[in-house]
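The number in my numbering is simply the position in the sequence shown, starting from 1, with 1138 added.
Take a look at the structure set out below.
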Amino acid sequence: MVAGLPVTRKNSKTAEDQNAEKTRLESRLEELLSNVEGVGEVEVIIMTGDEGNTENFSISGNNEVTGVLVAAQGAGSAVTVQNIQQAIMALFQIDANKIRIMKMK
């Protein structure tokens, strides 16, 4: 039982590190997109890892970005939506069907 404690702590730290990396990446993407003409205020959620595992958010290690959700003020414009989508596709090398862009209220 005691031998399992370091592993648990290591796994917890890894999960914390992964969550911090996900948050950092989301913030950087929000900053980038908010500076693109027509986008306005934006919020981003990045999903990675196994489908259905909402606890697994990381781009480090073997995990890959599996989806991106964006809420943007300028998403009412088809051109803006296309610009956001193409930026995310280029950045994460994911298909358009893994990206959802919604108009922020």
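Here a beta-carbon is modelled for each residue, glycine too, at the ideal position from N, C-alpha and C.
If you're wondering where the values come from, they're calculated on a predicted model, not measured in any experiment.
May I ask you to report which of helix, strand or coil DSSP gives residue i?
i, result
"MET1242", "coil"
"GLU1164", "helix"
Which whole-angstrom value is the C-beta distance of residue i and residue j, which I expect to be below 8 Å?
i, j, result
"VAL1208", "ILE1232", "Not quite, the Cβ-Cβ distance comes to about 13 Å (not below 8 Å), so this is no contact."
"GLU1169", "GLU1181", "The Cβ separation is near 12 Å, so there is no contact."
Give me the Cα-Cα distance between residue i and residue j, rounded to the nearest whole angstrom.
i, j, result
"GLN1224", "ASN1157", "25 Å"
"THR1186", "LYS1160", "9 Å"
"PHE1230", "SER1165", "15 Å"
"GLY1214", "ARG1162", "27 Å"
"ILE1239", "ILE1222", "8 Å"
"LYS1241", "GLY1178", "10 Å"
"ALA1153", "ILE1184", "15 Å"
"ALA1228", "GLY1176", "19 Å"
"PHE1195", "LYS1243", "Low confidence applies to PHE1195: its pLDDT is 42, below 50, so where it sits in the model is not reliable, and the reading given next is rough at best. The alpha-carbon atoms of PHE1195 and LYS1243 are separated by roughly 26 Å."
"ASP1155", "ALA1216", "36 Å"
Would you mind reading off the limits of the beta strand (DSSP E) that contains residue i?
i, result
"ALA1210", "1203-1210"
"VAL1180", "1180-1186"
Leaving out five residues before and five after residue i in sequence, what residues of the same chain have Cβ atoms less than 7 Å from its Cβ?
i, result
"VAL1219", "ALA1213 and ILE1239"
"VAL1174", "ASN1221"
Over what stretch of residues does the alpha helix (DSSP H) that includes residue i continue unbroken?
i, result
"ILE1226", "1216-1230"
If I measure Cβ to Cβ from residue i and keep anything under 6 Å in the same chain, skipping five residues before and after, which residues do I get?
i, result
"ILE1237", "VAL1206, GLN1223 and ILE1226"
"GLN1211", "GLY1178, GLU1179 and MET1242"
Output needed for residue i: all residues of its chain with C-beta closer than 8 Å, excluding positions within five of it in sequence on either side, in chain order.
i, result
"SER1081", "Residue 1081 lies beyond the range of the chain shown here (1139 to 1243); nothing can be said about it."
"ALA1234", "GLN1223 and MET1227"
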